[in-house]
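> Below you'll find the structure I mean.
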Amino acid sequence: MARTRKAKVSSANATSPKVEIPEDEQWRLIDESGILDKIQTPGVTKDIANAEHTTVRAEEEETPLADEIFSAAILIMPFTFFFLLMDILIHQQYARQPGFKELAGRLANNIPILSLFVFYTSRHKADRRTQALLFLISLFVGPRMIWLINRGSWLVNMRQCPPFATVWLYAVVQMNLGLAVASLILIFGWVWWSGMKLLL
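Residue numbering for the sequence shown follows full-length UniProt numbering, beginning at 1 and increasing consecutively.
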C-alpha cells in the first residue's frame, strides 16, 4: 500500500510541469528569507541581490579618462570651427580681411581655454551645479554679446564677440532642455525690454 502511494506521488511529480522563477524574484525571495544576513563571509554584503545592478551602474558612472577626452574632443572640434567662423564673419562685417597669421594667433590664444572649459563641463554635465553654472554663463554672455553688437566699438566687437558667441552656444547646447529654454526666454525678454536689436 505504501509502495503504491509512493509510486503515485513520484508519477505525479514526474508529470507536473516545472515552474521557472525569474532571477529577480529568486533574489527577492532569498533576501526576504534572511539567509544572507546569517552569512559572515568577507566581501559578501547584504545587498547581494543588487550586486549585478550596482556593478553595472558603477561601470556606467566611472568612464575611463580616454573616453572622457574623446567625448570632449568631439565637442571641441565643432566649437573651434564655430569660433573661427565667427571670427572671420565679424572681420568681414567691418570690411577687414584677417590674415592666416592673425587667425592662427587668435586660435592659439583662445582654444586651450575653450578646450579646458569644454572638458570639465562635459565631464560633469549631469551635476546640478554645472547646469546652474552653464545657466548663469548663458545669462551673462548672451546679453553682453547683444549689447556689444548694438553699442560696442568695432575693435571691441572683433575681440570679444567670437568667444562670447562660442561660449553662449556651447552653454545652451550643454544645458538641460528646460534650463536652455528658460535662459533663451529671459535673454530675449531682456532684448525686447531694452530695445536692442539682434541683427544690425
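We put the CB at the ideal spot given by N, CA and C, even for glycine.
Mark Ser29 as exposed unless 16 or more other C-beta atoms lie within 10 angstroms of its C-beta, in which case mark it buried.
Residue 29 is actually Leu in this sequence, not Ser. Exposed.
> Can you tell me whether residue 201 is helix, strand or coil according to DSSP?
Lying outside 1 to 200, the shown extent of the chain, residue 201 is not represented and no answer is given.
> From Ile187 to Gln92, what does the alpha carbon distance come to, in whole angstroms?
Approximately 26 Å, taken between the alpha carbons.
> Can you give me the start and stop residues for the alpha helix (DSSP H) that Val141 sits inside?
Looking at the DSSP string, the run of the alpha helix (DSSP H) that includes Val141 is Arg128 to Arg151.
> For Thr166 versus Phe100, is the C-beta distance shorter than 8 Å?
Going by C-beta atoms, Thr166 is not nearer than 8 Å to Phe100.
> Among the candidates Pro78, Arg129 and Arg106, whose CA atom is the shortest distance from the CA of Cys161?
Looking at the Cα atoms, Arg106 is the closest of the given residues.
> Quick check on Tyr170: buried or exposed, where buried means 16 or more other Cβ atoms within 10 Å of its Cβ?
By the 10 Å Cβ count, Tyr170 comes out buried.
> Report the residue from Gly189, Phe164, Trp190 and Leu155 whose alpha carbon sits nearest the alpha carbon of Ala95.
Comparing Cα positions, the closest option is Leu155.
> Among the residues of its own chain, which have a CB less than 7 Å from the CB of Ile90, if the five just before and after it don't count?
Same-chain partners within the cutoff: Asn157, Met158, Cys161 and Pro162.
> If you drop the 5 nearest sequence neighbours on each side, which residues of the same chain put their C-beta closer than 6 Å to that of Val56?
Because Val56 sits at a pLDDT of 44, beneath the cut-off of 50, its placement in the model cannot be relied upon, and the following sentence gives the value as read from the coordinates. Counting only Cβ-Cβ distances below 6 Å, and skipping sequence neighbours, we find nothing.
> Would you mind giving the Cβ-Cβ distance between Trp168 and Ser138, rounded to the nearest angstrom? I have them listed as a contact below 8 Å.
That belief holds up - the Cβ atoms of Trp168 and Ser138 are roughly 6 Å apart, short of 8 Å.
> For Leu179 versus Phe135, is the C-beta distance shorter than 8 Å?
Cβ distance < 8 Å, so Leu179 and Phe135 count as in contact.
> Determine the closest residue to Gln131 out of Glu102, Ala182, Ala104 and Ile113, with distance taken between C-alpha atoms.
Ranking Glu102, Ala182, Ala104 and Ile113 by Cα distance to Gln131 puts Ala182 first.
> Are three or more beta carbon pairs between the stretch 115–132 and the stretch 142–150 nearer than 8 Å?
No, the stretch 115–132 does not touch the stretch 142–150.
> Determine the burial state of Trp192: buried for a count of at least 16 other Cβ atoms within 10 Å of its Cβ, exposed for fewer.
Under this definition Trp192 is an exposed residue.
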